[in-house]
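S.K.: In the working numbering, the protein residues as written are 270 to 750. Think of the CB as a built atom: it goes at the ideal place given N, C-alpha and C, for glycine as much as any other residue. One structure follows; several queries about it will come next.
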Amino acid sequence: MVVDTSALITDFYELTMMQGYFLNNENPDVVFDMFYRTNPFGGGYAVFAGLGELLPQLESLNFSANDIAYLKSLNMFDERFLEYLSTYRFHGDIYAMKEGTTVFPGEPLVRIHTSLIDAQLIESLLLNTINFQTLIATKSMRVCTAAKDGVVMEFGLRRAQGIDGGLSASRAAYIGGCKLTSNTLAGKVFGIPVGGTMAHSWVMAYDNELEAFREFAKIYPNNCILLIDTYDVLGSGIENAIIVGKEQKAKGLKMGVRIDSGDLSYLAREVRQRLDDAGLTDATICVSNDLTEQIINTLVSDGVPINSWGVGTNLVTGGDQAALGGVYKLAAKQRKDGTFQPTMKISNSYAKTTNPGIKQVYRFYGNDGVALADLITLDEEKIKMGDDILFYHPFADGDLFLLRNGKYSRFEKLLNCVMKDGKSLVEKQPLKEIQTFAKESQNQIHRSHKRHMNPHIYKVSLSKKLKDLKHELMLEARGIN
270 MVVDTSALIT DFYELTMMQG YFLNNENPDV VFDMFYRTNP FGGGYAVFAG
320 LGELLPQLES LNFSANDIAY LKSLNMFDER FLEYLSTYRF HGDIYAMKEG
370 TTVFPGEPLV RIHTSLIDAQ LIESLLLNTI NFQTLIATKS MRVCTAAKDG
420 VVMEFGLRRA QGIDGGLSAS RAAYIGGCKL TSNTLAGKVF GIPVGGTMAH
470 SWVMAYDNEL EAFREFAKIY PNNCILLIDT YDVLGSGIEN AIIVGKEQKA
520 KGLKMGVRID SGDLSYLARE VRQRLDDAGL TDATICVSND LTEQIINTLV
570 SDGVPINSWG VGTNLVTGGD QAALGGVYKL AAKQRKDGTF QPTMKISNSY
620 AKTTNPGIKQ VYRFYGNDGV ALADLITLDE EKIKMGDDIL FYHPFADGDL
670 FLLRNGKYSR FEKLLNCVMK DGKSLVEKQP LKEIQTFAKE SQNQIHRSHK
720 RHMNPHIYKV SLSKKLKDLK HELMLEARGI N
């Protein structure tokens, strides 16, 4: 069942601009691009996420009678415009990269073909959905990469940015590689495996720690993870856990422990030794406590014996980066004769000068299956296997390289039509499939681009035709012929 999405999920100035276009009968077809300029977290990539939620939101976008009444109460909107909004539905075509694709700065992730009024209305919703989920999916991928073979569990609901933020973060974190979530509603809505251990309050609610552990093991014999740092990790905590662990083993059952505070490197090593000495070699160790990818990477690199990681705050909030910073820019508008005129925003900062026209993105792969570079072209350009391809630096005029035939084994077009006339063309995809694809896409990127510190910059270039068009429009805007 599709739940209606209120079209009031937009910035107010979008509505005032829309009314201006409507009253002036100025509503040509346009093309907008959504892209970002800088990789998050000082990394070398991002993981595209949120498309699976955006498309059904656009399909159900409408102004309810209550929404119209609210807008009328603001005394800002003409009755004719409000009447138009009362029957509004989104009618547009959307081209997008596949959700889970590893992406890079400057390349269009989503391309929107629709009327100017439609394009303005959906800007805020699109950016809100794609920016946040891409940010969290990227953070999750970084955390899960740092954990290597360890299981990462998303435990962030209580620190997330509200209920909606918690749901979106759980979805995106799963795409990025987390194995389960503590968010039960996310489990129901998205089919994400759910799980958890116990709280300190469980231990404190019983007369003693051993009783608390035994009662938990009795109720959850197949999910017996004991929190051992309520009082003393290396004292009563591990001692009582070993008692219960031996009782579990006698029944043919397993157990594990969780540490939520202290020096995780020292404590995990000591706990592992104590468990092994007690014959509980198959007991697992889970840790939490404000983990980041940097902390996890250090612990894994040091060989600390940790099996799973509960990551909350720094995963679902983005940690040290609050937003992706993706933008939405006009790239082309329809002329009176029906053709499209390329447009571009020109800035004193060349990095903020946009790429004009209706564009496509191609990814080229080497003979080893690893991605070599991405090329942004005009959509009308045709690329054939066997061509020698020129790649122009997006900012530096004299910087280019030639990818010769034989140096690449294949290429693929990254932007594909996912919505036609406001109707999604793609079936709802199980989140597990998106997660699997995200990992596959990561595996096609060279490890040098995935370093957490000082990653090698992946090449995103412009075709000669696009580069020439951009240069021509810049000269024209400055009155230079």
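Is the beta carbon of lysine 408 closer than 8 Å to that of leucine 584?
M.R.: Looking up residue 584 in the sequence shown gives position 315. Looking up residue 408 in the sequence shown gives position 139. For leucine 584 and lysine 408, yes; Cβs fall inside 8 Å.
S.K.: Nearest by alpha-carbon distance to valine 300: which of Thr356, Ile386 and Leu454 is it?
M.R.: In the sequence shown, residue 300 corresponds to position 31, counting from 1. Answer by Cα proximity: Ile386.
S.K.: Keeping to the same chain, check which residues put their C-beta closer than 6 Å to that of isoleucine 422; ignore five residues upstream and five downstream.
M.R.: Counting from one through the sequence shown, the residue named residue 422 turns up at place 153. As written in the sequence, residue 422 is methionine, which differs from the isoleucine given in the question. For methionine 422, where only same-chain residues beyond five positions count, the Cβ hits under 6 Å are Leu449 and Gly579.
S.K.: Just how far apart, CA to CA, sit methionine 688 and aspartate 362?
M.R.: Position 419 of the sequence shown holds residue 688. Position 93 of the sequence shown holds residue 362. Computed Cα separation, rounded: 5 Å.
S.K.: Just to confirm the assignment, what range does the beta strand (DSSP E) spanning phenylalanine 660 have?
M.R.: For the purposes of this step, residue 660 is identified with residue 391 of the sequence shown, where counting begins at 1. First-last of the beta strand (DSSP E) with phenylalanine 660: 658-661.
S.K.: What three-state label does DSSP hand lysine 258 in the structure shown?
M.R.: Residue 258 lies beyond the stretch modelled for the chain, which goes from 270 to 750, so this question has no answer here.
S.K.: Out of Arg306, Thr553, Lys653 and Phe609, point me to the one whose CA is closest to valine 372's CA.
M.R.: Numbered from 1 along the sequence shown, position 103 holds the residue referred to as residue 372. Taking only the C-alpha atoms, the option nearest valine 372 is Arg306.
S.K.: Since leucine 647 and leucine 735 are thought to touch, with beta carbons under 8 Å apart, how far apart are those beta carbons, to the nearest angstrom?
M.R.: Residue mapping note: residue 647 aligns to position 378 of the sequence shown, counting from 1. Residue mapping note: residue 735 aligns to position 466 of the sequence shown, counting from 1. With 8 Å as the limit, leucine 647 and leucine 735 qualify as a contact, their Cβ atoms being about 5 Å apart.
S.K.: Can you tell me the Cα-Cα spacing of serine 717 and glutamate 539, whole angstroms?
M.R.: The count along the sequence shown starts at 1 and reaches residue 717 at position 448. The count along the sequence shown starts at 1 and reaches residue 539 at position 270. For serine 717 and glutamate 539, the distance between alpha carbons rounds to 35 Å.
S.K.: Return yes when the Cβ of lysine 719 is within less than 8 Å of the Cβ of valine 569, no when it is not.
M.R.: Taking the first residue of the sequence shown as position 1, residue 569 is located at position 300. Taking the first residue of the sequence shown as position 1, residue 719 is located at position 450. Not in contact: valine 569 and lysine 719 (Cβ atoms no closer than 8 Å).
S.K.: How is alanine 386 classed by DSSP in three states: helix, strand or coil?
M.R.: Position 117 of the sequence shown, counted from the first residue, corresponds to residue 386. Sequence check: residue 386 is isoleucine here, not alanine. Helix at isoleucine 386.
S.K.: Look up threonine 553 in the DSSP assignment and give the residues it is bridged to.
M.R.: By one-based count along the sequence shown, residue 553 stands at place 284. Bridge partners of threonine 553: Gly525.
S.K.: In the structure shown, what three-state DSSP assignment does tyrosine 597 receive?
M.R.: Locating residue 597 in the sequence shown gives position 328, where the first residue counts as 1. The answer is strand: DSSP assigns tyrosine 597 an E or B state.
S.K.: Check for me: the alpha helix (DSSP H) holding tyrosine 290 runs from which residue to which?
M.R.: Along the sequence shown, read from residue 1 onward, the residue named residue 290 stands at position 21. Looking at the DSSP string, the run of the alpha helix (DSSP H) that includes tyrosine 290 is 281-292.
S.K.: Let me know if leucine 495 comes out buried or exposed under the rule of 16 or more other beta-carbons within 10 Å of its beta-carbon.
M.R.: Locating residue 495 in the sequence shown gives position 226, where the first residue counts as 1. With 16 or more Cβ atoms within 10 Å of its Cβ, leucine 495 is classed as buried.
S.K.: Among the residues of its own chain, which have a CB less than 6 Å from the CB of glycine 514, if the five just before and after it don't count?
M.R.: By 1-based counting over the sequence shown, the position of residue 514 is 245. The residues are Met524, Leu549 and Ala552.
S.K.: Which term fits valine 458, buried or exposed, when burial requires 16 or more other beta carbons within 10 angstroms of its beta carbon?
M.R.: For the purposes of this step, residue 458 is identified with residue 189 of the sequence shown, where counting begins at 1. Burial call: exposed.
S.K.: Going by DSSP, what residues sit across from threonine 371 in a beta bridge?
M.R.: As a working note, residue 371 is residue 102 in the sequence shown. Val316, per the DSSP bridge assignment.
S.K.: Taking buried to mean at least 16 other C-beta atoms within 10 Å of its own C-beta, is lysine 487 buried or exposed?
M.R.: Numbered from its first residue, the sequence shown carries residue 487 at position 218. Flag for lysine 487 reads exposed.
S.K.: Here's the rule: buried if 16 or more other CB atoms are within 10 angstroms of the residue's CB, otherwise exposed. What is valine 271?
M.R.: Residue mapping note: residue 271 aligns to position 2 of the sequence shown, counting from 1. Confidence at valine 271 is low in this model, with a pLDDT of 44, below 50, so its placement is unreliable and the value that follows should be read with caution. Exposed.
S.K.: Arginine 543 and isoleucine 554 look like a contact to me (Cβ under 8 Å); what is the Cβ gap, rounded to whole Å?
M.R.: Within the sequence shown, residue 543 is the residue found at index 274, counting from 1. Within the sequence shown, residue 554 is the residue found at index 285, counting from 1. With 8 Å as the limit, arginine 543 and isoleucine 554 do not qualify as a contact, their Cβ atoms being about 11 Å apart.
S.K.: Have a look at leucine 454 and leucine 327 and give me their C-alpha separation to the nearest angstrom.
M.R.: Sequence index remark: in the sequence shown, residue 454 carries index 185 (1-based). Sequence index remark: in the sequence shown, residue 327 carries index 58 (1-based). If you take the alpha carbons of leucine 454 and leucine 327, they lie about 23 Å apart.
S.K.: Three-state secondary structure (DSSP) at methionine 270?
M.R.: Residue numbering aside, residue 270 sits at position 1 when the sequence shown is read from its first letter. Residue placement at methionine 270 cannot be trusted, given a pLDDT of 34 that sits under 50; the coordinates are not used to answer.
S.K.: Leaving out the 5 sequence neighbours to the left and right, which residues in its chain are closer than 7 Å to serine 275 when beta-carbon positions are compared?
M.R.: Sequence index remark: in the sequence shown, residue 275 carries index 6 (1-based). Cβ neighbours of serine 275 beyond the five flanking positions: Ser333 and Asp336.
S.K.: Pick helix, strand or coil for glutamate 650, following the three-state DSSP scheme.
M.R.: Indexing the sequence shown from 1 puts residue 650 at position 381. Three-state result, glutamate 650: coil.
S.K.: What number of angstroms, rounded off, separates the C-alpha of isoleucine 381 from the C-alpha of arginine 527?
M.R.: For this step, residue 381 is matched to residue 112 along the sequence shown. For this step, residue 527 is matched to residue 258 along the sequence shown. Cα to Cα, the separation comes out at about 47 Å.
S.K.: Cutting at 7 Å between CB atoms, please list the residues of its own chain near isoleucine 278, excluding the five before and the five after it.
M.R.: Numbered from its first residue, the sequence shown carries residue 278 at position 9. Result list for isoleucine 278: Ser393 and Leu394, in chain order.
S.K.: Among Asp501, Ser693, Ile461 and Ala438, whose alpha-carbon lies nearest the alpha-carbon of histidine 469?
M.R.: Counting from 1 along the sequence shown, the entry for residue 469 is found at position 200. Among Asp501, Ser693, Ile461 and Ala438, the Cα nearest to that of histidine 469 belongs to Asp501.
S.K.: Residue range of the alpha helix (DSSP H) that tyrosine 475 falls in?
M.R.: As a position in the sequence shown, residue 475 is number 206, starting the count at 1. No alpha helix (DSSP H) holds tyrosine 475; DSSP gives it neither H nor E.
S.K.: Between the alpha carbons of lysine 605 and threonine 383, how many angstroms are there, rounded?
M.R.: Against the sequence shown, residue 605 aligns to sequence position 336. Against the sequence shown, residue 383 aligns to sequence position 114. About 16 Å.
S.K.: Quick check: the Cα distance between asparagine 558 and serine 530, rounded to an integer number of angstroms?
M.R.: Stepping through the sequence shown from its first residue, residue 558 is reached at position 289. Stepping through the sequence shown from its first residue, residue 530 is reached at position 261. So the alpha carbons of these two residues sit roughly 6 Å apart.
S.K.: Could you say which of His725, Leu593, Met467 and Asp545 lies nearest to asparagine 397 if we only look at CA atoms?
M.R.: Taking the sequence shown and counting its residues from 1, the one referred to as residue 397 is at position 128. For the residues His725, Leu593, Met467 and Asp545, the minimum Cα distance to asparagine 397 belongs to Leu593.
S.K.: Which of the three DSSP states is assigned to phenylalanine 670 in this structure?
M.R.: Numbered from 1 along the sequence shown, position 401 holds the residue referred to as residue 670. If DSSP states are grouped into helix, strand and coil, phenylalanine 670 belongs with the strands.
S.K.: If I'm right that serine 730 touches proline 325 with Cβ under 8 Å, what's the distance once you round it to whole angstroms?
M.R.: Along the sequence shown, read from residue 1 onward, the residue named residue 730 stands at position 461. Along the sequence shown, read from residue 1 onward, the residue named residue 325 stands at position 56. Not quite, the Cβ-Cβ distance comes to about 34 Å (not below 8 Å), so this is no contact.
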